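Asker: Here it is, the structure, as structure tokens.
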Amino acid sequence: MEHYDIVIIGGGCAGLTAAVYARRAQKSVLLLENNAFGGQITASAAVENFPGFQNIKGTELADRLFAQAAALGTETRFETALSIEESENEKIVVTDGDRYSCGALIIAVGLRHRMTGLSGENRLIGRGVSTCAVCDGALFRGKDTAVLGGGNTAVHDALYLADLCKSVTVIHRRDTFRADAAAVEALSQKPNVRFLFHTVLKEIHGDERLSSLTVTDTETGEDSSLPVAGLFLAIGLLPQNEPFQGVVELDESGYIKAGEDCRTSCRGIFAAGDCRTKPLRQLATAAADGAVAATGACRFLS
Ligand code: NAP
211 MEHYDIVIIG
221 GGCAGLTAAV
231 YARRAQKSVL
241 LLENNAFGGQ
251 ITASAAVENF
261 PGFQNIKGTE
271 LADRLFAQAA
281 ALGTETRFET
291 ALSIEESENE
301 KIVVTDGDRY
311 SCGALIIAVG
321 LRHRMTGLSG
331 ENRLIGRGVS
341 TCAVCDGALF
351 RGKDTAVLGG
361 GNTAVHDALY
371 LADLCKSVTV
381 IHRRDTFRAD
391 AAAVEALSQK
401 PNVRFLFHTV
411 LKEIHGDERL
421 SSLTVTDTET
431 GEDSSLPVAG
441 LFLAIGLLPQ
451 NEPFQGVVEL
461 DESGYIKAGE
471 DCRTSCRGIF
481 AAGDCRTKPL
491 RQLATAAADG
501 AVAATGACRF
511 LS
């Protein structure tokens with residue numbers, strides 16, 4: 211079994227920043243990622259609130275973060291961590307491909323997309339239903355689309371789609387957005403965007419591909435049909451900390467309990483970024499966590 215000073219699970223902004231700090235402290239580092247390096251930002255058309263970058267494509271920022279960690283000698287593997295085992299002086303990370311031992315572990319697995327749970331959703335994902343406008347938006351060029359949600363993701367997705375698609379209908383269960391006021395204002399200027407407020411998604415229809423939605427106005431109780439080729443789900447994110455349950459303490463919502471020092475209930479295991487309990491989940495705070503967790507892990511090893 212290969213041994214590393216530090217194993218980092220998750221290659222988003224928190225995990226990549228942790229790798230930079232740990233490598234600069236001359237620790238051997240393995241970074242495990244099961245999807246794409248960069249994490250959530252790979253789905254952002256534009257990032258406008260990361261210090262030093264007035265406006266940068268999410269994929270470009272992801273590439274830069276990865277390049278920096280790789281140039282410092284971070285080892286990487288595309289594997290999914292399934293469980294953690296503890297022995298006296300080391301942790302063992304069991305993945306879908308191998309087992310790795312380490313002196314300290316940093317969990318930086320981020321969040322996963324909340325889904326609607328409606329029938330048809332699973333069958334039509336990738337066939338009209340998507341959780342990533344930046345990844346899939348171009349497939350709907352010139353077509354009618356809808357975005358479900360009222361947060362920053364929904365508004366930014368709708369802004370991105372408005373420039374590609376024939377129309378974008380934003381379906382939101384309330385009549386005020388959670389998203390930043392500037393983004394909402396920009397969206398309201400788009401002539402091909404319309405808003406369905408106090409409206410919930412009731413049904414998703416389509417055989418081979420998505421064909422239409424049934425939505426319900428919660429004020430009148432009336433159902434209506436919305437023919438669309440694309441539906442972008444932007445209804446928030448949920449923790450994915452199941453593999454770590456029983457090893458580190460989770461809160462009632464499933465986030466890893468850790469304070470600003472990123473220490474978990476288990477000595478030598480740190481949690482960084484969106485997967486831990488914290489008041490603000492943003493790129494800047496993920497980067498900060500990566501630095502704090504790696505520094506804590508290095509101190510733990512010394
Ligand atoms: P979010 O802020 O949690 O918003 C989720 C939205 O979906 C809310 O409007 C919520 O409605 C709605 N919703 C939740 N469950 C629903 C359901 N079952 N059915 C219908 N609607 C439902 O999630 P997010 O927009 O993905 O953002 C996540 C975090 O990333 C936030 O901190 C956000 O600021 C950040 N982010 C930032 C940027 C940026 O700054 N460029 C871009 C994207 C995301 P209610 O409002 O009624 O609760």
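Using this note's numbering, count along the sequence shown one by one with no gaps and you end on 512. Glycine included, C-beta positions come from ideal geometry on N, C-alpha and C. Quick caveat: nothing in here was measured; it's all calculated off a predicted structure.
#1: Use the C-beta contact count for residue 277: other C-beta atoms within 10 angstroms, 16 or more gives buried, fewer gives exposed.
#2: In terms of alpha-carbon separation, which member of 462, 500, 336 and 354 lies closest to residue 374?
#3: Inspect the beta-carbon positions of residue 396 and residue 380 and report whether they are closer than 9 Å.
#4: Give me the DSSP bridge partner(s) of residue 422.
#5: Tell me the DSSP secondary structure of residue 506 in three-state form.
#6: In whole angstroms, what separates the C-alpha of residue 481 from that of residue 281?
#7: For residue 250, count the other beta carbons within 10 Å of its own beta carbon; 16 or more makes it buried, fewer makes it exposed. Which is it?
#8: Quick one: residues in its chain with C-beta nearer than 7 Å to the C-beta of residue 253, no 5 flanking neighbours on either side, listed in chain order?
#9: Taking 6 Å as the limit between beta carbons, can you name the residues of its chain near residue 504, skipping five residues before and five after?
#10: Alpha carbon to alpha carbon, what distance is there between residue 261 and residue 415?
#11: Taking 8 Å as the cut-off, is the CB of residue 266 close to at least one heavy atom of the ligand NAP?
#12: Comparing the CB of residue 335 with every heavy atom of the ligand NAP, is any distance shorter than 8 Å?
#13: May I ask whether a heavy atom of the ligand NAP can be found less than 8 Å away from the beta carbon of residue 238?
#14: When the Cα atoms are used, what is the spatial distance from residue 393 to residue 256?
#15: To the nearest angstrom, how far is the alpha carbon of residue 477 from that of residue 322?
#16: Compute every distance between the C-beta of residue 387 and the non-hydrogen atoms of the ligand NAP, then say whether any falls below 8 Å.
#17: With DSSP collapsed to three states, give me the class of residue 375.
#18: Can you list the beta strand (DSSP E) stretches of 3 or more residues lying completely in the region 304 to 353, in chain order?
Answerer: According to the structure data:
#1: What you label residue 277 is simply residue 67 of the sequence shown in a count that begins at 1. The residue in question, residue 277, is exposed, as its Cβ has fewer than 16 Cβ neighbours within 10 Å.
#2: Locating residue 374 in the sequence shown gives position 164, counting from the first residue. Comparing Cα-Cα distances from residue 374 to each of 462, 500, 336 and 354, the minimum goes to 354.
#3: Walking along the sequence shown from the start, residue 396 turns up at place 186. Walking along the sequence shown from the start, residue 380 turns up at place 170. No, Cβ-Cβ distance for residue 396 and residue 380 is not below 9 Å.
#4: Against the sequence shown, residue 422 aligns to sequence position 212. Paired residue(s): 415 and 437.
#5: As a working note, residue 506 is residue 296 in the sequence shown. If DSSP states are grouped into helix, strand and coil, residue 506 belongs with the helices.
#6: Looking up residue 481 in the sequence shown gives position 271. Looking up residue 281 in the sequence shown gives position 71. Computed Cα separation, rounded: 24 Å.
#7: Within the sequence shown, residue 250 is the residue found at index 40, counting from 1. It is buried - the Cβ of residue 250 has at least 16 other Cβ atoms within 10 Å.
#8: Within the sequence shown, the letter at position 43 stands for residue 253. Excluding sequence neighbours, residue 253 sits near 268, 342, 344 and 345.
#9: Residue mapping note: residue 504 aligns to position 294 of the sequence shown, counting from 1. Same-chain partners within the cutoff: 228, 231 and 232.
#10: As a working mapping, residue 415 is identified with position 205 in the sequence shown. As a working mapping, residue 261 is identified with position 51 in the sequence shown. Each residue's Cα considered, the two are about 43 Å apart.
#11: As a working mapping, residue 266 is identified with position 56 in the sequence shown. Answer for residue 266: no, Cβ out of range of the ligand NAP.
#12: Mapped onto the sequence shown, residue 335 falls at position 125. The answer is no for residue 335.
#13: Reading the sequence shown from its first residue, position 28 is the one you call residue 238. Because no heavy atom of the ligand NAP lies under 8 Å away, the Cβ of residue 238 does not count as near it: no.
#14: Locating residue 393 in the sequence shown gives position 183, where the first residue counts as 1. Locating residue 256 in the sequence shown gives position 46, where the first residue counts as 1. Whole-angstrom Cα-Cα distance: 12 Å.
#15: What you label residue 477 is simply residue 267 of the sequence shown in a count that begins at 1. What you label residue 322 is simply residue 112 of the sequence shown in a count that begins at 1. Rounded to the nearest angstrom, the two C-alpha atoms are 26 Å apart.
#16: Within the sequence shown, residue 387 is the residue found at index 177, counting from 1. Shortest gap from the CB of residue 387 to any heavy atom of the ligand NAP: under 8 Å.
#17: Here residue 375 refers to the residue found at position 165 when the sequence shown is read from its first residue. In the structure shown, residue 375 sits in coil (DSSP, three-state: anything other than H, G, I, E or B).
#18: Runs of the beta strand (DSSP E) inside the region 304 to 353: 309 to 317 and 321 to 323.
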